[in-house]
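Undergrad:
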Amino acid sequence: MSNYLLDDSPLSPGVIYRLLSGVVCPRPIAWVSTQDKQGNTNLAPFSFFNVASVNPPVLAFSPLLNGSGELKDTVRNLNDVAECVVHVGSEALIEALNTTSASLPPGEDEFTLAGLEKAAMPGVSVPRIANAPVAFGCKLFDMIRFGDQPLAGTLVLAQVVSIHIDDALWDGRHVDMDLLKPVGRLAGSDYIRISDRFAIERPD
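Mapped onto full-length UniProt numbering, the consecutive letters of the sequence shown carry residue numbers 1 to 204.
(1) Check whether the stretch 39-47 and the stretch 89-108 are in contact - that is, three or more C-beta pairs closer than 8 Å.
(2) On a Cα-Cα basis, can you pick out the residue from I165, I144 and A120 that is closest to V156?
(3) Is the CB-CB distance between V32 and T74 below 8 Å?
(4) What is the rounded straight-line gap between the Cα of L179 and the Cα of S189?
(5) So what does F136 bridge to, in DSSP terms?
(6) Could you name the residues of the same chain whose beta carbon sits closer than 8 Å to that of residue 205, not counting the 5 residues immediately before and after it, in chain order?
(7) For S33, does the three-state DSSP call read helix, strand or coil?
(8) Is there contact between the stretch 122-136 and the stretch 165-172, where contact requires at least three CB pairs shorter than 8 Å?
(9) Taking its Cβ as the centre, do 16 or more other Cβ atoms sit within 10 Å of P63, making it buried, or is it exposed?
(10) Mind the definition here: the stretch 88-101 touches the stretch 20-27 only if three or more C-beta pairs lie below 8 Å; say whether that holds.
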């Protein structure tokens, strides 16, 4: 067993990243589209992602600065146009999702790279992925920077203003997990399916 007091025995950011991404899992994947002031679109997946609030509905995801301490296009675009569309990573589109994780120069379109068609999203100017079963149109609620050093995060709080969902997935109360087939992120190159599930009743 090991104990680490980080102020006395600091671990490198790379080691901490491997530890956190390996232990805090499985993580849902936010597949986020944004655009800059010139209308260039960007599409990128982020596995530091969850629900932050229901009333109002707010999603939270956190792009990390790259190894040189530079912002991702997603954050730069949100500074330009304070809107985004958050899609849920699913098994049917996992190859395209993985393709959009590539590092492209600013202004290059990951929709085109991955062969994905765009569709209008109500309430926002940013397009959604046409064949994604679920998408949330969001306005930027807040962004919190945790520093300028490599791998520092920017916590994005995105307030949901519109929802697109395949009617086959949603009966007004329940989401059909067997149709959605969401995919979770583990460490390294590993992902996880939800093919094995169990239920435990919560206590009163």
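Note that beta-carbon positions come from the ideal geometry of N, C-alpha and C, so glycine has one too.
TA: On the basis of the supplied data:
(1) yes
(2) I144
(3) yes
(4) 24 Å
(5) V86 and I163
(6) Missing from the structure shown is residue 205; the chain here goes from 1 to 204 and no further.
(7) strand
(8) yes
(9) buried
(10) no
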